[in-house]
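S.K.: Chain order of the listed sequences is A and B.
Quick note: the first sequence, position 113, residue 347 per our numbering, numbers continuous.
Quick note: the second sequence, position 19, residue 1474 per our numbering, numbers continuous.
All residues carry an ideal CB built from backbone N, CA and C; glycine is no exception.
No experiment lies behind these values; they were computed from the predicted model shown.
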Amino acid sequence: DAGVIQSPRHEVTEMGQEVTLRCKPISGHNSLFWYRQTMMRGLELLIYFNNNVPIDDSGMPEDRFSAKMPNASFSTLKIQPSEPRDSAVYFCASSLASVTTYNEQFFGPGTRLTVL
Amino acid sequence: EDQVTQSPEALRLQEGESSSLNCSYTVSGLRGLFWYRQDPGKGPEFLFTLYSAGEEKEKERLKATLTKKESFLHITAPKPEDSATYLCAVQAPSGGSNYKLTFGKGTLLTVNP
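Next comes the structure, spelled out in structure tokens:
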């Protein structure tokens, strides 16, 4: 299997621009997670989907952030407008989960975002 | 609020020098404790899941253990290729979510040849 695929791997943009990060989860997985990693705060969960439905978005920092999962094989995380403090590495992860089974999450390679 | 504290923040070992990494946690209703390894420029890679106090799991030179308040990752006779950041995460019900992982900030392990 190809693993979790993320694109782009690197993104440099200017403050105020829209940024869209993309993720393709592992085939057959029903849960998808978006994380942000910084030196100061470590790895933080932003939002997670189960069966394409957003379940918990309490980690989304503000209204500038939005995430969608139109189907089981694709998700996007959008930042509009972007700000320098959004600079971080964004990871997507997927898992096969049920109500009673807590399985490991498999992470993608991440997107390094730099907002100038 | 779930809390996960890892210590030390950084650890330097000589090849063959065994040691342990610590992960202390405060959660309500632990569902599982996960260990991940992260190499520079890559995503975290799953190592172990522990579900209940007293449980142990091993993989090559690594052994993870779990008590009611903390987990240890024991590294026996490490090699330079074991150098990485080791992340601990706890899974507990949160805000209606059964799958939320709360991560510690990690321990950066460097093994010198």
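1) Residues in its own chain within less than 7 Å of A:Leu347 by CB, not counting five upstream and five downstream?
2) Relative to the alpha-carbon of B:Cys1478, which residue among B:Arg1467, B:Ile1530, B:Leu1488, B:Glu1536 has its alpha-carbon at the smallest distance?
3) A:Ile281 and A:Met273: beta carbons closer than 8 Å?
4) For a contact defined as C-beta to C-beta under 8 Å, what are the partners of B:Lys1555 on chain A?
5) State the start and end residues of the unbroken beta strand (DSSP E) segment that holds B:Ser1462.
6) Just the Cα atoms here: how many angstroms apart are A:Ser292 and B:Ser1538?
7) Cβ of A:Thr247 within 8 Å of Cβ of A:Ser316?
8) For the beta strand (DSSP E) containing B:Gly1539, list its first residue and its last residue.
9) So, with DSSP's three-state summary, where would you put B:Glu1472?
10) Tell me which residues of the segment 1531-1542 of chain B have at least one Cβ-Cβ distance to chain A shorter than 8 Å, keeping chain order.
11) Is the shortest distance between the beta-carbon of B:Thr1565 and the beta-carbons of chain A less than 8 Å?
12) Starting from B:Pro1499, find everything on chain A with Cβ-Cβ shorter than 7 Å and list it in chain order.
13) Residues of chain A with CB under 8 Å from B:Gly1559, in chain order?
14) To be precise: take each residue of the segment 1482-1507 of chain B, compare its Cβ to all Cβ atoms of chain A, and keep it if any distance is under 7 Å. Which residues remain?
15) Tell me which residue opens and which closes the beta strand (DSSP E) that A:His244 is part of.
16) Using a Cβ-Cβ cut-off of 8 Å, state whether A:Gly352 counts as contacting chain B.
M.R.: On the basis of the supplied data:
1) Residue mapping note: residue 347 of chain A aligns to position 113 of the first sequence, counting from 1. If we look at A:Leu347 and ignore the five residues flanking it on each side, its Cβ neighbours are Glu245, Val253, Asp320, Ser321, Ala322, Tyr324.
2) As a working note, residue 1478 of chain B is residue 23 in the second sequence. Per the Cα distances, B:Leu1488.
3) Position 47 of the first sequence holds residue 281 of chain A. Position 39 of the first sequence holds residue 273 of chain A. No, Cβ-Cβ distance for A:Ile281 and A:Met273 is not below 8 Å.
4) As a working note, residue 1555 of chain B is residue 100 in the second sequence. Within 8 Å Cβ-Cβ: Leu279, Tyr282, Asp290.
5) The sequence position of residue 1462 of chain B within the second sequence is 7, counting from 1. 1458-1462 is the extent of the beta strand (DSSP E) around B:Ser1462.
6) Mapped onto the first sequence, residue 292 of chain A falls at position 58. Mapped onto the second sequence, residue 1538 of chain B falls at position 83. Whole-angstrom Cα-Cα distance: 34 Å.
7) As a first step, residue 247 of chain A is located in the first sequence; it is residue number 13 there, counting from the start. As a first step, residue 316 of chain A is located in the first sequence; it is residue number 82 there, counting from the start. In this structure, A:Ser316 lies closer than 8 Å to A:Thr247 by Cβ.
8) Position 84 of the second sequence, counting from 1, holds the residue named residue 1539 of chain B. It is worth fixing the name first, because residue 1539 of chain B is Ala in this sequence and not Gly. Where B:Ala1539 is concerned, the enclosing beta strand (DSSP E) stretches over 1539-1546.
9) In the second sequence, residue 1472 of chain B corresponds to position 17, counting from 1. Of the three classes helix, strand and coil, the one that applies to B:Glu1472 here is coil, per DSSP.
10) Leu1542
11) By 1-based counting over the second sequence, the position of residue 1565 of chain B is 110. For B:Thr1565, the answer is no, since every Cβ of chain A falls outside 8 Å of its Cβ.
12) The residue labelled residue 1499 of chain B in the question sits at position 44 within the second sequence. The contacting residues are Phe341.
13) In the second sequence, the residue the question calls residue 1559 of chain B occupies position 104. Correct list: Gly276.
14) Arg1486, Gly1487, Phe1489, Lys1497, Gly1498, Pro1499, Phe1501, Thr1504
15) Mapped onto the first sequence, residue 244 of chain A falls at position 10. Here the beta strand (DSSP E) through A:His244 covers 244-247.
16) Any question about residue 352 of chain A goes unanswered here, given that chain A covers just 235 to 350.
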